[in-house]
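If you read the sequence shown in our numbering, its first letter stands for residue 11, the second for the next number, and so on. Note that CB positions come from ideal geometry on N, CA and C, so glycine has one too. Written below as structure tokens is the structure these notes are about.
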Amino acid sequence: MKTGSHEIDMTEGALVPKILSFSIPLMLSGILQLLFNAADIIVVGQFTSAQAMAAVGSTGSLNNLIINIFLGLSIGSSVLMARYYGAHSQKNIHDLVHTSILLSLVCGLILVVLGLILARPLLTLMGTPYDVIDQAVLYMRIVFLGMPAMLTYDFGAGILRAIGDTKRPLAYLFISGIINVCLNLFFVIVFSMGVAGVALATIISQYISATLIIRCMMNTDSSYKLNLKELRIDRDKFFHIVKIGLPAGVQGAVFSISNVLIQSSINSFGSIAVAGNTASSNIEGFVYTAMNSIYQASTNFTSQNVGAHKKERITPVLLSCLAIVTVVGVALGGIAVLFSHQLLGIYSSDPDVIAYGIGRLNVICLTYFLCGLMDTVCGSIRGLGYSIAPTIVSLTGACGLRILWIYTVFQANRTLFTLYLSYPASWLVTFIVHLICYIIFFNRWKKTDSTTAPVRA
């Protein structure tokens, strides 16, 4: 099978240079994607009010709760694409591409309906402050109108990344990100549209990035070429996507439930605390998305080598990714803490908001590398084809422990510091259990004589 200039053969050659070549554009892509939301928060924080800023920030964990199950399916699509690419199976690639894009559109339309219906009741259930909730509902409903575009981009970008192309998704996000920032300023400053303006800017930019990635896939001569007339759901590919992606999506959703509970606890401290937490969370997001690129590298590199039956490369992939993610997490987390006052000042000039933000950053960012280690091992397990097991481990070790912490340790000492400590505790425990599971699953997979590398539960 012909390898294009944008593609990476992950089954041959030195690992670290290829992992970095894959991950660095992906890091930048993730940072640009975060700028969509960060631009929303910065603009409303600087040109409207702390309440508007809190309104935008208070929807984040709830949005993720609703969206993550569907985003998990894009992980399943990407894992299969990497495997078929490693095995040079052009027919499987063709069927997967057309199934994935149609699936993304259907899931996006479902999300539009869910967002419009559930916004107010769920935000009310979370205890969103009364001076924030109306703006939060408006922001959330508008943002969900962009879900078809968001999922189309994520599925399409996942396909490109599975064959090693992380540069073109970066370029498309850069274009749409610049448009998003300009529209934010235009709608808020010129038309005084507040949270509605930043939400509208976000969905316009999402439709632009989705259009660019679809155009890219339609105009290629490679094996992943997209023909809109051939869009259909291949039953076999659909069930394989669901088998891998649904557990990942459920994991993300349940993680979001624990974050919703934490957000509800933060809401009890008032809108200023919510605003400070929102600003800090956005800064942390830049560290997380850099580490997440290594998680995606571990998944795709492992899956390509599974497809090519390169058993000897799989553990070195994991070890290389663990080393890289540790360096990235420690370095970027340390920078965030060192310049916390200046970074938080970008989001708000209110000293109380900044003080609350620093309190969170000092706990999360100094220990964030543990989250990177946890995710990277989980990615390698999924690349091997095991999806249900890492989901159970994550739900028990991270989510279960975090929820237990909220109802025990936090109740005994109701401070934000105690609440934030639930994060590193859950990351460390889950990383250790994931590592044990990887050793078991890798040894089991290595002994198989299968030539088809089937998807496992």
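#1: Alpha helix (DSSP H) containing Phe482: first to last residue?
#2: Could you check whether the Cβ of Val142 sits closer than 9 Å to any Cβ belonging to chain B?
#3: With a cut-off of 8 Å on the beta carbons, I'd call Leu36 and Gln306 a contact; round off their distance for me.
#4: Where does Asn78 land, buried or exposed, given buried means 16+ other C-beta within 10 angstroms?
#5: Between Lys177 and the rest of its own chain, which residues show a CB-CB distance below 8 Å, the 5 nearest in sequence each way excluded?
#6: Kindly indicate which three-state DSSP category Tyr378 falls into: helix, strand or coil?
#7: Can you tell me where the alpha helix (DSSP H) with Leu438 in it begins and where it stops?
#8: In the segment 269–342, which residue ranges form an unbroken alpha helix (DSSP H) of at least 4 residues, counting only runs that do not cross its ends?
#9: Taking the straight line between their C-alpha atoms, what separation do you get for Ser84 and Phe248?
#10: Quick check: what's the CA-CA separation for Ile334 versus Ile304?
#11: Tell me which residue opens and which closes the alpha helix (DSSP H) that Val116 is part of.
#12: Just to confirm before moving on: does the CB-CB distance between Thr312 and Arg392 stay below 9 Å?
#13: Please go through the same chain and pick out, in chain order, the residues whose beta-carbon is closer than 6 Å to the beta-carbon of Ala159, but skip the five residues on each side of it.
#14: Return the residue from the list Ile224, Leu124, Ala60, Ser397 that minimises the CA-CA distance to Met150.
#15: Contact defined as beta carbons within less than 8 Å: I believe Asn287 pairs with Ile276. What is the distance between those atoms, to the nearest angstrom?
#16: Mapping the DSSP letters down to three states, classify Tyr396 as helix, strand or coil.
#17: Given 8 Å as the limit, is there contact between the segment 137–150 and the segment 177–196, that is, 3 or more CB pairs closer than that?
#18: Is the beta carbon of Leu411 closer than 9 Å to that of Val373?
#19: What does the alpha-carbon distance come out to for the pair Gly23 and Leu329?
#20: Given that a residue counts as buried once 16 or more other Cβ atoms are within 10 Å of its Cβ, and exposed if not, what is Glu322?
#21: Ordered along the chain, which non-local residues of its own chain (more than five positions away) have a Cβ less than 7 Å from that of Gly166?
#22: In whole angstroms, what separates the C-alpha of Lys457 from that of His319?
#23: Spatial neighbours of Asn302 within its chain, please: C-beta separation below 7 Å, excluding the five flanking residues on both sides.
#24: Compute the beta-carbon to beta-carbon distance between Arg93 and Gly317, rounded to the nearest angstrom, for a pair I have assumed lies under 8 Å.
#25: Since Gly207 is in the alpha helix (DSSP H), which residue starts that stretch and which ends it?
#26: Cutting at 6 Å between CB atoms, please list the residues of its own chain near Asn194, excluding the five before and the five after it.
#27: Just how far apart, CA to CA, sit Ile450 and Gly55?
#28: Rounded to whole angstroms, what is the Cα-Cα separation between Leu44 and Cys331?
#29: May I have the straight-line CA-CA distance separating Met20 from Ser397, to the nearest angstrom?
#30: For Arg242, does the three-state DSSP call read helix, strand or coil?
#31: Are there 16 or more other CB atoms within 10 angstroms of the CB of Leu119, so buried, or fewer, so exposed?
#32: Check Leu155 in the structure and name its three-state DSSP category.
#33: So, is Leu135 buried or exposed, given that buried needs 16 or more other C-beta atoms within 10 angstroms?
#34: Please report the distance separating the alpha-carbon of Asp105 from that of Ser186.
#35: From Phe349 to Ala365, what does the alpha carbon distance come to, in whole angstroms?
#36: On a Cα-Cα basis, can you pick out the residue from Phe57, Asn237, Ile254, Val443 that is closest to Ser200?
Answer, in terms of the structure:
#1: This structure cannot settle anything about residue 482, because the visible part of the chain is limited to 11 through 467.
#2: This model lacks chain B altogether, as it is built from one protein chain only.
#3: Indexing the sequence shown from 1 puts residue 36 at position 26. Indexing the sequence shown from 1 puts residue 306 at position 296. The pair is a contact, with the Cβ atoms about 6 Å apart (cut-off 8 Å).
#4: In the sequence shown, counting from the first residue as 1, residue 78 sits at position 68. In this structure Asn78 is buried. Its beta-carbon is surrounded by 16 or more other beta-carbon atoms within 10 angstroms.
#5: The residue you call residue 177 lines up with position 167 of the sequence shown. Listed in chain order, the non-local C-beta contacts of Lys177 below 8 Å within the same chain comprise His16, Pro35, local neighbours out to five positions each way being set aside.
#6: The residue you call residue 378 lines up with position 368 of the sequence shown. Correct three-state label for Tyr378: coil.
#7: Start at 1 with the first residue of the sequence shown, and residue 438 comes out as number 428. For Leu438, the enclosing alpha helix (DSSP H) begins and ends at 432–456.
#8: Counting only runs of 4 or more, we get 281–317.
#9: Taking the sequence shown and counting its residues from 1, one reaches residue 84 at position 74. Taking the sequence shown and counting its residues from 1, one reaches residue 248 at position 238. The alpha-carbon atoms of Ser84 and Phe248 are separated by roughly 11 Å.
#10: Here residue 334 refers to the residue found at position 324 when the sequence shown is read from its first residue. Here residue 304 refers to the residue found at position 294 when the sequence shown is read from its first residue. In this structure, the alpha-carbon of Ile334 lies about 7 Å from that of Ile304.
#11: Here residue 116 is taken as the residue at index 106 of the sequence shown, counted from 1. Residues 100–135.
#12: Counting from one through the sequence shown, the residue named residue 312 turns up at place 302. Counting from one through the sequence shown, the residue named residue 392 turns up at place 382. Yes, these two residues count as a Cβ contact at 9 Å.
#13: The residue labelled residue 159 in the question sits at position 149 within the sequence shown. Cβ contact annotation for Ala159 (same chain, cutoff 6 Å, sequence separation greater than five): Gln216, Tyr217, Ala220, in chain order.
#14: As a working note, residue 150 is residue 140 in the sequence shown. Nearest option by C-alpha distance: Leu124.
#15: Position 277 of the sequence shown, counting from 1, holds the residue named residue 287. Position 266 of the sequence shown, counting from 1, holds the residue named residue 276. Indeed they touch by this definition, with Cβ atoms about 5 Å apart.
#16: Position 386 of the sequence shown, counted from the start, is the residue given in the question as residue 396. Looking at Tyr396 - three-state DSSP - the assignment turns out to be strand.
#17: Verdict: no, contact absent.
#18: As a first step, residue 373 is located in the sequence shown; it is residue number 363 there, counting from the start. As a first step, residue 411 is located in the sequence shown; it is residue number 401 there, counting from the start. The Cβ atoms of Val373 and Leu411 lie no closer than 9 Å to each other.
#19: Within the sequence shown, numbered from 1, the residue matching residue 23 stands at position 13. Within the sequence shown, numbered from 1, the residue matching residue 329 stands at position 319. About 16 Å.
#20: In the sequence shown, the residue the question calls residue 322 occupies position 312. With fewer than 16 Cβ atoms within 10 Å of its Cβ, Glu322 is classed as exposed.
#21: Numbered from its first residue, the sequence shown carries residue 166 at position 156. Cβ neighbours of Gly166 beyond the five flanking positions: Ile111, Ile223, Ile224, Met227.
#22: Locating residue 457 in the sequence shown gives position 447, counting from the first residue. Locating residue 319 in the sequence shown gives position 309, counting from the first residue. For Lys457 and His319, the distance between alpha carbons rounds to 12 Å.
#23: Taking the first residue of the sequence shown as position 1, residue 302 is located at position 292. Here Asn302 has Gly40, Asp385 as same chain residues with Cβ atoms under 7 Å from its own Cβ, once five neighbours each way along the sequence are excluded.
#24: As a working mapping, residue 93 is identified with position 83 in the sequence shown. As a working mapping, residue 317 is identified with position 307 in the sequence shown. Right, the Cβ-Cβ distance comes to about 4 Å (below 8 Å), so this counts as a contact.
#25: Along the sequence shown, one-based indexing puts residue 207 at 197. Where Gly207 is concerned, the enclosing alpha helix (DSSP H) stretches over 204–228.
#26: In the sequence shown, the residue the question calls residue 194 occupies position 184. Correct list, in chain order: Ala49, Val53, Val208, Ala211.
#27: Within the sequence shown, numbered from 1, the residue matching residue 450 stands at position 440. Within the sequence shown, numbered from 1, the residue matching residue 55 stands at position 45. Taking the straight line joining both Cα atoms gives about 49 Å.
#28: Working through the sequence shown from its first residue, we reach residue 44 at position 34. Working through the sequence shown from its first residue, we reach residue 331 at position 321. Cα to Cα, the separation comes out at about 22 Å.
#29: Counting from one through the sequence shown, the residue named residue 20 turns up at place 10. Counting from one through the sequence shown, the residue named residue 397 turns up at place 387. C-alpha of Met20 to C-alpha of Ser397: approximately 21 Å in a straight line.
#30: Numbered from its first residue, the sequence shown carries residue 242 at position 232. Assigned with DSSP and collapsed to three states, Arg242 falls in coil, not helix or strand.
#31: Sequence index remark: in the sequence shown, residue 119 carries index 109 (1-based). That one is exposed.
#32: Locating residue 155 in the sequence shown gives position 145, where the first residue counts as 1. If DSSP states are grouped into helix, strand and coil, Leu155 belongs with coil.
#33: Position 125 of the sequence shown, counted from the start, is the residue given in the question as residue 135. Classification for Leu135: exposed.
#34: Along the sequence shown, one-based indexing puts residue 105 at 95. Along the sequence shown, one-based indexing puts residue 186 at 176. About 29 Å.
#35: By 1-based counting over the sequence shown, the position of residue 349 is 339. By 1-based counting over the sequence shown, the position of residue 365 is 355. In this model, Phe349 and Ala365 are separated by some 13 Å (Cα to Cα).
#36: In the sequence shown, residue 200 corresponds to position 190, counting from 1. Here the sequence assigns Val to residue 200, which means Ser is not the residue at that position. By alpha-carbon distance to Val200, the top candidate from Phe57, Asn237, Ile254, Val443 is Phe57.
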